[in-house]
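The next block holds one structure in the form of structure tokens; read it before the comments.
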Amino acid sequence: MKRLLIACLLGAAVGLGLVGAARAAIDTYEFKDEVERERFRSLTEELRCPKCQNQNIADSNAPIATDLRREIYRMLDDGRSDKEIVDFLVMRYGDFVMYKPPLDSRTWLLWYGPFGLLGLGAIVLCVLVLRRRKVEKAPAQVALSKAERERLDALLKENRDTQD
Amino acid sequence: MKRLILLLPLALFLGVAVFLYRGLFLNPQELPSVLIDKPLPAFSLPDLKDEQRLITEKDLKGPALVNVWATWCPTCKAEHQMLNQLAKAGVVIHGVNYKDDSVAARQWLKDYLDPYQVNVADPQGSLGINLGVYGAPETFLIDAQGIIRHKYVGAIDERVWREELAPRYQALLESKP
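Line order of the protein sequences matches chains A and B. Last residue of the first sequence? That's 163 in numbering that gives the first Met the number 0, and every number before it is there in order. Last residue of the second sequence? That's 176 in numbering that gives the first Met the number 0, and every number before it is there in order.
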């Protein structure tokens, strides 16, 4: 058991080491300071690669992602703000490059739709609960008319007859 | 009224089904270009055939196709014969040699014929980024004022030309003053 545990730990250590090496191979940019490195990381992670669409620019190996990383690095180096860099890419590749779509007339349904559905669900639930309560209270107060009582008796009698 | 409410889930299901069914036939690789109805981005890059000469956006005279191509791109090879045919038929085609080796590109044009009137060398892909190119081949249709009117991503073949590009190109030719 102990041996197995040690083997597992060793395996994990080797695995982590490999991951570290892979990351180091990709990271070839020199940053002025940690703040800039952090900005580069968050920008490339929140922007989407136009070619391999389910990866962000940081993770993708597509040539276009490499180019865009270089371009983002260049703009960071030029001292441009995050917004300027995102706008630069949106002007060329469209809203598509943003994983977080902007709020405008085309996307308000996307942003507010879920809250609308939640509200709708709450209303339906309230209506159902209120109705159920009314029904539960109702039977005691309902009196049958004469004709209805006669029909009920007839039905019950019929039922009894068939059972016998 | 009660009956109608019972039909509501079915109606919702059908609504969702219509959207999903339509989604089956949409190509998620196709991005609508944000550059439609905007002028070609400004650039100043060497001529592929004569690298001493600089070309700017004003040299790409429209109405024309601006074809982004490279020798490393197999799909570009697939569409090259079609471009040759179109050029022979009198269609104006300009090229942007995207992130390519210029020597290999010139050899390619010698081997497979040259349908391009002006060919811009863009070895760094800077014009490509300004054009929103994310994979060759991509073809832009520009009008006489150099405004981008349409973009097609992928290889141009007989059908694409007939259905998507030819009518637009013809319209631009006719509206040219």
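Using N, Cα and C, we set each Cβ at its ideal position, and we do this for glycine too. These numbers come from a predicted model, not from an experiment.
- Looking at the DSSP output, G94 (chain B) shares a beta bridge with B:N66, B:N118.
- For R148 (chain B), the enclosing beta strand (DSSP E) covers residues 147-152.
- With its beta carbon at least 8 Å from every one in chain B, E45 (chain A) lies outside the interface.
- Here the C-alpha atom of P38 (chain B) lies approximately 13 Å from the C-alpha atom of D58 (chain B).
- Beta-carbon to beta-carbon, L75 (chain A) and R38 (chain A) are separated by about 6 Å, close enough to satisfy the 8 Å threshold.
- Taking a Cβ-Cβ threshold of 9 Å, none of the residues of chain B is close to Q54 (chain A); the smallest such distance is about 13 Å.
- With the criterion set as a beta carbon lying under 7 Å from some beta carbon of chain A, the members of the segment 121-138 of chain B are G124, I128, N129, G131, Y133, G134, in sequence order.
- Contact annotation: R167 (chain B) and L140 (chain B) have beta-carbon atoms nearer than 8 Å.
- About 5 Å separates the beta carbons of A135 (chain B) and A69 (chain B), which is inside the 8 Å limit, making them a contact pair.
- From the beta-carbon of F39 (chain A), no residue of chain B is found nearer than 7 Å; the closest lies around 17 Å away.
- The contact set of P101 (chain A) on chain B, defined by CB atoms closer than 8 Å, is empty, because the minimum CB distance reaches about 13 Å.
- Contact annotation: V96 (chain A) and L42 (chain A) have beta-carbon atoms that are not nearer than 8 Å.
- The CB of V119 (chain B) never comes closer than 8 Å to any CB in chain A; the least such distance is about 17 Å.
- Cβ-Cβ separation between Y97 (chain B) and V67 (chain B): approximately 5 Å, consistent with a contact (criterion under 8 Å).
- Straight-line measurement puts the Cα of S144 (chain A) at about 24 Å from the Cα of R131 (chain A).
- Shown here, N55 (chain A) sits in a strand according to DSSP, grouped into three states.
- A Cβ-Cβ distance of about 5 Å is found for the pair A143 (chain B) and G61 (chain B), placing them in contact under the 8 Å criterion.
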